[in-house]
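These notes concern the structure reproduced below.
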Amino acid sequence: MTKDNLADVLVEKFELTKVKSVEIVNAMFDAITEKLSKGEEVSIAGFGAFKVSKRAARSGVNPRTGEKIQIAATNVPKFKAGKGLKDAVK
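Under this note's numbering, the first residue of the sequence shown is numbered 1, with each subsequent residue one higher.
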């Protein structure tokens, strides 16, 4: 499912215009992205939680040359499904 498909669902369920539904979907994702970029957690009851996790620096190997390289530490987004989502998928 894409963002466009989500907007189509809003159009059908709430009789919104396509433009307004796209704005709503984009606003939702922008809000989640903004909170995560500040290091905050986003929890949606019954669905799941988004959080930022720190990935430690590590050494790796360039697959093309076989040369050992150092991979820098970074922050990565993580998602943990909530009980409602897990039960719906079973």
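Glycine residues also receive a C-beta, built at the ideal position from the N, C-alpha and C atoms.
Rounded C-beta distance between residue i and residue j? I'm assuming under 8 Å.
i   : j   : result
A73 : A45 : Wrong, their Cβ atoms sit about 32 Å apart, outside the cutoff.
K51 : K13 : With a Cβ gap of about 29 Å, K51 and K13 do not count as contacting.
S53 : Q70 : With 8 Å as the limit, S53 and Q70 do not qualify as a contact, their Cβ atoms being about 20 Å apart.
Can you find the residues in the same chain that come closer than 7 Å, C-beta to C-beta, to residue i, ignoring five residues on each side of it along the sequence?
i   : result
I24 : L10
K68 : S59 and V61
At what residues does the alpha helix (DSSP H) containing residue i begin and finish?
i   : result
K90 : Run containing K90: none; DSSP gives neither H nor E here.
K3  : K3 to F14
A45 : A45 -> no alpha helix (DSSP H), and no H or E assigned at all.
E40 : Here E40 belongs to no alpha helix (DSSP H), and DSSP marks it neither H nor E.
By the DSSP assignment, the beta strand (DSSP E) with residue i in it spans what residues?
i   : result
T74 : T74 to A81
Only counting the same chain, and skipping five residues up and downstream in sequence, which positions put a Cβ closer than 6 Å to that of residue i?
i  : result
K3 : V25
Would you list the residues sitting across from residue i in a DSSP beta bridge?
i   : result
A59 : Correcting the residue identity first, residue 59 is Ser in this sequence and not Ala. S59 pairs with Q70.
K51 : K78
With 16 as the cutoff for other CB atoms within 10 Å, does residue i come out buried or exposed?
i   : result
S21 : buried
A31 : exposed
A81 : exposed
A7  : buried
Could you name the residues of the same chain whose beta carbon sits closer than 8 Å to that of residue i, not counting the 5 residues immediately before and after it, in chain order?
i   : result
R64 : none
A49 : E41, V42, S43, F79, K80 and G82
F47 : A81, G82, G84 and L85
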